[in-house]
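Let me begin by presenting the structure, written as structure tokens, before commenting on it.
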Amino acid sequence: MSASSAFIDEKGGSASEPEYGHDPASGGIFSSDYKRHDDLKEMLDSNKDSLKLEAMKRIVAMIARGKNASDLFPAVVKNVACKNIEVKKLVYVYLVRYAEEQQDLALLSISTFQRGLKDPNQLIRASALRVLSSIRVTIIVPIMMLAIKEAASDMSPYVRKTAAHAIPKLHSLDPDQKDQLIEVIEKLLADKTTLVAGSVVMAFEEVCPDRIDLIHKNYRKLCNLLIDVEEWGQVVIINMLTRYARTQFLNPNINESLLEENSEKAFYASDDEEEEDKKDEVAPLAKRKPYVMDPDHRLLLRNTKPLLQSRNAAVVMAVAQLYFHLAPKAEVGIIAKALVRLMRSHSEVQYVVLQNVATMSIKRRGMFEPYLKSFYIRSTDPTQIKILKLEVLTNLANETNISTILREFQTYIKSMDKDFVAASIQAIGRCATNIGEVRDTCLNGLVQLLSNRDELVVAESVVVIKKLLQMQPEQHSDIIKHMAKLIDNIQVPMARASILWLIGEYCEHVPKIAPDVLRNMAKTFTNEEDIVKLQIINLAAKLYLTNSKQTKLLTQYVLNLAKYDQNYDIRDRARFIRQLIVPTDKSGALSKYAKKLFLALKPAPVLESTFKDRDHFQLGSLSHLLNAKAGGYQELPDWPESAPDPSVRNVEIPDWSKCTSRKDRKEKKAEKPFYSDSDGESGPTESADSESDSGSGSESASASDESGSGSESGEETESEEEEEDEEEEKKKKRKKHLDKTKAKKPVEESTESEQSSGSEERKRGRKAVKNQKSASESESESESSESGDESEDESEEESESDTDIRKKKTPVSKQPPKQSKKESKKETQEMSLLDLDDFEPAPASAPVTPVNFMSSSLVSDLEGLSLTDTILAPTTITPSGSIKMYELLHRITGEGLAVEYCFSRQPFSPDPNMVAVQIQFTNNTNSETKNLHIEEPRLQCGMRIREFAEIDVLSAGESVTVVMGIDFCDSTQAANFQLCTHTRKFFASIQPPVGELMTPVFLTENDFKKEQGKLMGMNEISEKLTLGEKCVNEHVIVERVTATANLSRVPCGSDKECRFAGKTVSSGCLVLVTVSTKEGGRAQLTVNCEKMLIGTMLVKDIMQALSQ
Amino acid sequence: MIHSLFLVNASGDIFLEKHWKSVVSRSVCDYFFEALERATEPENVPPVIPTPHHFLINVLRHRIYFVAVIQSEVPPLFVIEFLHRVVDTFQDYFGVCTEAAIKDNVVVVYELLEEMLDNGFPLATESNILKELIKPPTILRTVVNTITGSTNVGEQLPTGQLSVVPWRRTGVKYTNNEAYFDVVEEIDAIIDKSGSTITAEIQGVIDACVKLTGMPDLTLSFMNPRLLDDVSFHPCVRFKRWEAERILSFIPPDGNFRLLSYHVSSQNLVAIPVYVKHNISFREGSSQGRFELTLGPKQTMGKAVESVLVSSQLPRGVLNASLSPSQGTYTFDPVTKLLSWDVGKINPQKLPSLKGSVSLQTGASKPDENPTINIQFKIQQLAISGLKVNRLDMYGEKYKPFKGIKYMTKAGKFQVRT
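Below you can see the structure in the form of structure tokens.
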């Protein structure tokens, strides 16, 4: 921290700083370091916002200058809840900067953000999430995870966008969260707003770029949204889609390779490019299977094209690279114009664009030829731009335009920028090697440059000439002679080395001069650079072999000098050469071949662009620019040999829903009479149901309630209908996120909701019947409905599902209207309930919960008892409405296999620390599904799964229900596993609501108070809330709380308070909940639990349940 | 994406740093300073510098280097474009983007940077939105703020961010409703020694200043839209409409913005409005050189050529220049060897000229390169390509706005080789 104190010193020295408070009290008088920020602290502690703001501004200024302000942390963090929005924002800035260093203190601010996350203002929710996710404190990872999940289903797209932004933050903080984050990403990918699209794809790219399967279903949507996404998002999406397309579509130029030459010619005459290309496409038709572009591939190309007109260079570049990598050759041309336009932009943009153009121009030369003149160099260009333009010009050179290009190059050679001149000379050399016609012209021009006054120019020319000469040395011995003379004047080592090499290599062409050069070089040997020395040795060796008479002594002299050189490379070389060429007694077998070794014909060097083959990197990427793989670079995959199944991108549901919605419309028509009819019908069925309940051992109270009067229940159903609709509406929304199945046509909205509810009900209906079967012998009515079930006709299920609705939904939707009616009309029943409440505290939660709850929990309890030895036998619970079904596998994704699960709230007998999960498989296909079992559970540490026994056969149209146990370790982390059939594997994941992680515990009022006393302070979470309109009385509250969490009611003297107790399944921590109602529908919710996280989450869930 | 941002001034001091993820030590900039030292000219610093653990991407604007620190793969243009957007925003807020302005407004700068990036990914870069989030500092507001204690920070989420028109703020009100459009064309050209045109092209932009109440929907049509070869639009322009009808249809952002930039198709011959006669020669052995320049108007469609400025980088061997201009003033910087001649308006009757001699270092050999002459000029009331706006209509609002269109031609990169 010495650096920090230095900063502080510096700060003290800065007079420009508007020092606050020069009065002695502010501490300004004591300039000792540790009191340095006392004035700031005092300002932060003051009551005035303006002082706080001033202090924060100064602190932020310190941060901006890189000075350490971390010792102010406690003083600043206190202001996190400040009302003034600007102070708040600056505190956020400070927090994000220093929280990592002061993790413990940073925790103090968390609750503020948690509160912020629930704020009705979307701006505050979003900013709370933003800051919460930005402070890199590992302890709060679970809170972050929770907040992200929550925000991902927020109403406001702005908050959802923030959630998407938070995903990579959390991932970088704790990579272990990856699996859960992927789920959130999957959910957000399905989002249909443009605001979210860019951010979530960004998160996808950072967290799970390899999960390309998540894109399938969203591919078309992304393509269609693209133009309306904000520009930064466009870049990310386009880059991702490029990779995606490379894995999913066929190479559109697949037939091109056969006709490479043809097309090459076509590109020279760029104007008829397309025409020629058509020919290209036509020609191979006979030979190969015709290529047909996937419509999705076409969609991508079509929808990205307008973006070439974007003002944002990054977007244009992204589209350009997409076309380069994905488009048929004939269409790639359109990007050239846009790229050339970008060269008008800032020089940094030019730099990057030129790099990419250089790469493209090697592969698709024709594309840029019309724009040749746009690459002409101006004297005002920065050197790096000039050199890149030169590169492009060289790549574009061909027989037709070489003369203009060379004329241009000639002016470049006269430039004042010597680096650029050197590059121009190299460019000329490259043109000369590539285009035979101009080789001699170039060579002559370069030789003229040898008399240039600038040494750099000469040196560069020598190097280039050397390369050119190597191609046809015979005709140019005069040039070699000329260059031999230059050796006296040129000092640049590379050039000297080149000349020496040339003379040595072609010493036969200059037999007289060569020994003389060697003589001169021997004189200066000791002063030469290493590369020159090596070439002197080379020259000596070659001369020795060809002209040993004249040069024997010289060679030995040179070798002797080299023997004592400081550089070991040179010493090694000397030793090696001496052995090889000087004949001794025991000279090895190689010396015979010395001449062949040294004077072998060497192939002329190929002058290649440094940009050749750079296109194996995705263009426009950092890796491409650096020509090296940067961290996090995603390889651009090769085209697949054969296209993967294109149907994965089908969003199947539209068709499906279309047909069903049509059916639905019919159904809807049918439904009206069906509902009104049900008035008469419902009475008996309902009683049948209740009888079955009573059969399984519940009190007669339920029977009396339900079978009370036919007319009454008719009324009930009507009120229920509304409720159901609402409920279903909600469910549907949730479902929509799960599988983006529903086509979003507002007109169909209503029919759809009913349809989805219908299907759900049907499923339940089926189960209901089963349950009845298993639970008790059912009455004749239920038998008839059973037969309906077996016939498997959906329309025939109507009546049954209808009964079901009532059976199940009544408790699920817990309608207060119903309650109120009950209250007003049926005092007797009310009484009985109250009675139970008072007198029967024994069997856990049963008495306090309304009838259906009671029945369910009782039934399950009893069943749990009776079935301990055969756990996997249908420990099915009665289809009581308190049980919410969750979807594990949709029938579309599961290819006909639909899987749903629920938390049955029974003790899982093989292992009491596990939560029982009841899973129902339905086979909607026409064939049998075999060997249903679970594989490869991927669990968070500590979590365990007790799998159900394999289901051997599930015949078509059948359903089967099993129970498995999961120990969630008291966390809401999902349990992931694979659901396997004999043919397929499906990824599945079960995530428990927090309320299912506990079991009821019976406590007396005193016990409750005692336990509560132990769980105060940090373990107590208390929130105020306003009860929803329908929460009119205690019963509704009880009902809702117990529906949310598996708790039992604790008897209590006060009627203003409801108390509940439970313990977590895994660790057995007590969970105590108190709801005390106040005037005007307000209430206070208190949760005491040792596990804070569980507590927080439970509070939230209960709040939601109660305020609805 | 973008980890951190460092602002470095011309003398190589870091005067501002901002981190969006974990703090990156400012010592990472040492690699940048190395590159800076190696570069002969300030603009020769490579825009992307790899270091062992990071990549530095920098842009140079207003003699300030904006150095972004990147840790993993990201399209370099993405970062560069963003950095330029940052500079534009600063300019928009503070009028100028200088070290002093940034230091004076460091808190606003910080608030802006905070809004513009989240976790290194751009969040709000649209000026209209930013201005609603963070009010630009004005003298009046500063005074008001100090008195009333109110703040620069907006309290509401800008509605634009959520609406379908994210570039326009809502609730705009003006007493005078006006919409001005400037059609500005630039000629880029390279003229040969002999006076023939090697390459010439016209690039144009339409800058708009729209101050209209409510949510106006504008359409702008051209007399000759075929001239426009390559266009790029502000996001507000409806692309489909342009494709189909060659009409610009848009809901404008509030205030100043660039509606369109275009390139005039290269098939059209470009009129070159000025010519230069030059005679620059150095004799072998002599320490003197001759220098003569004469400018004259060519194809100007009868309009005056104004604000002419000639500059030329003379060879390194030149010691000094003693010249006499027939009009305007000239300066020669013996250190950078930059000659610049402020000509002013070209009078076709009396052509401006600059004649005299330049002295060379004694004993130095004759420079073998010839200087290039860069020319700047302006022509008012003329779009050199001939582009003309046909009409501007407004829909969606009832009032009658005041409309104005101005044309101008400028020299872009206009060079004469000698």
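Protein chains in written order, with the UniProt record's numbering: chain S, 1 to 1108; chain R, 1 to 418. The beta-carbon is built from N, C-alpha and C at its ideal position, and this holds for glycine as well.
**Report entry** Interface residues of the segment 110-121 of chain R facing chain S [CB-CB below 8 angstroms]
**Finding:** Y110, E111, E114, D118, N119, F121
Query raised in the report: Just to confirm, are S:I405 and S:L393 a CB contact at a threshold of 7 angstroms?
Result: yes
Requested in this report: List the endpoints of the continuous beta strand (DSSP E) containing S:Y593.
Outcome: Looking at the DSSP string, S:Y593 is not in any beta strand (DSSP E), and its letter there is neither H nor E.
Query raised in the report: CB S:L1027 to CB S:A1083, shorter than 7 angstroms?
Result: yes
Query raised in the report: For S:T411, which residues in chain R fall below 8 angstroms Cβ to Cβ?
Result: R417
**Report entry** For R:W167, the three-state DSSP class (helix, strand or coil)
**Finding:** coil
Query raised in the report: Is there a Cβ from chain R that is less than 7 angstroms from the Cβ of S:H325?
Result: no
Query raised in the report: Looking at the unbroken beta strand (DSSP E) that takes in R:R417, where does it start and where does it end?
Result: 402-417
Requested in this report: List the residues of chain R whose Cβ lies closer than 8 angstroms to the Cβ of S:M317, in chain order.
Outcome: P75, L77
Report task. Using 10 angstroms around the beta-carbon of R:E111, count the other beta-carbons present and answer buried if the total reaches 16, otherwise exposed. Result -> buried
Requested in this report: Just confirm the distance between the C-beta atoms of S:R571 and S:V532, as a whole number of angstroms; I'd bet it's less than 8 angstroms.
Outcome: The Cβ separation is near 16 angstroms, so there is no contact.
Query - Nearest-angstrom Cβ-Cβ length linking S:A245 and S:L300, presumed shorter than 8 angstroms - result: 6 angstroms
Query raised in the report: Shortest alpha-carbon distance to R:V8 belongs to which of R:Y65, R:L351, R:Q288, R:V96?
Result: R:Y65
Query raised in the report: Does R:V48 have its Cβ less than 7 angstroms from a Cβ in chain S?
Result: yes
Query raised in the report: Tell me which same chain residues have a C-beta within less than 6 angstroms of the C-beta of residue 429 of chain R, skipping the five on either side of it?
Result: There is simply no residue 429 of chain R to check, as chain R begins at 1 and stops at 418 in what is shown.
Query raised in the report: R:I191 CB to nearest chain S CB: under 7 angstroms?
Result: no
Query raised in the report: Is R:E292 helix, strand or coil when you go by DSSP?
Result: strand
Query - C-beta contact flag for S:D296 and S:R649 at 7 angstroms - result: yes
Query raised in the report: Does DSSP put S:K930 in a helix, a strand or coil?
Result: strand
Query raised in the report: The alpha helix (DSSP H) with S:S424 in it runs from where to where?
Result: 418-434
Query raised in the report: Is it buried or exposed for S:I139, if we count other Cβ within 10 angstroms and need 16 for buried?
Result: exposed
Query raised in the report: S:S1067 touches chain R at which residues, Cβ-Cβ below 8 angstroms?
Result: Under the 8 angstroms cutoff, chain R gives no residues; its nearest Cβ is about 34 angstroms from S:S1067.
Query raised in the report: Out of R:L36, R:V389, R:N105, which has the shortest C-alpha to C-alpha gap to R:L228?
Result: R:V389
Query raised in the report: R:K240 lies in the beta strand (DSSP E); which residues open and close that run?
Result: No beta strand (DSSP E) contains R:K240, which is instead part of the alpha helix (DSSP H) from 239-245.
Report task. Show which residues of chain R have a CB atom less than 9 angstroms away from the CB atom of S:M1018. Result -> Within 9 angstroms Cβ-Cβ: nothing; S:M1018 doesn't reach chain R, min ~29 angstroms.
Query raised in the report: Considering only residues of the segment 480-529 of chain S, which uninterrupted alpha helix (DSSP H) runs meet the minimum length of 4 residues and lie entirely inside it, listed in chain order?
Result: 493-505, 513-524
**Report entry** Environment of R:V96 [buried if 16+ CB atoms lie within 10 Å]
**Finding:** exposed
Query raised in the report: Nearest to R:I280 by CA position, among R:E17, R:G356, R:L133, is which residue?
Result: R:G356
Query raised in the report: Cβ of S:E348 less than 7 angstroms from any chain R Cβ?
Result: yes
Query raised in the report: Secondary structure at R:S221, three-state DSSP: helix, strand or coil?
Result: strand
Query raised in the report: If contact means a Cβ-Cβ distance below 9 angstroms, which residues of the segment 212-241 of chain R contact chain S?
Result: D229, D230, V231, S232, F233, H234, P235, V237, F239, K240
Report task. Compare the C-beta of S:Q384 with all C-beta atoms of chain R and state if any pair is closer than 7 angstroms. Result -> yes
Report task. For R:S261, collect the residues of the same chain with a Cβ closer than 6 angstroms to its Cβ; drop the 5 residues on either side in sequence, then sort them by chain order. Result -> V205, S232
Query raised in the report: Are any of the Cβ atoms in chain R nearer than 7 angstroms to that of S:G788?
Result: Note that S:G788 has pLDDT 42, beneath the 50 cutoff, so the model's placement of it is unreliable and the number below is only indicative. No, S:G788 lies away from the interface with chain R (no Cβ there is under 7 angstroms from its Cβ).
Query - Rounded straight-line distance, which links the Cα of S:I237 to that of S:I951 - result: 43 angstroms
Report task. Give the residues from the segment 272-284 of chain R that approach chain S closer than 8 angstroms (Cβ to any Cβ), ordered along the chain. Result -> none
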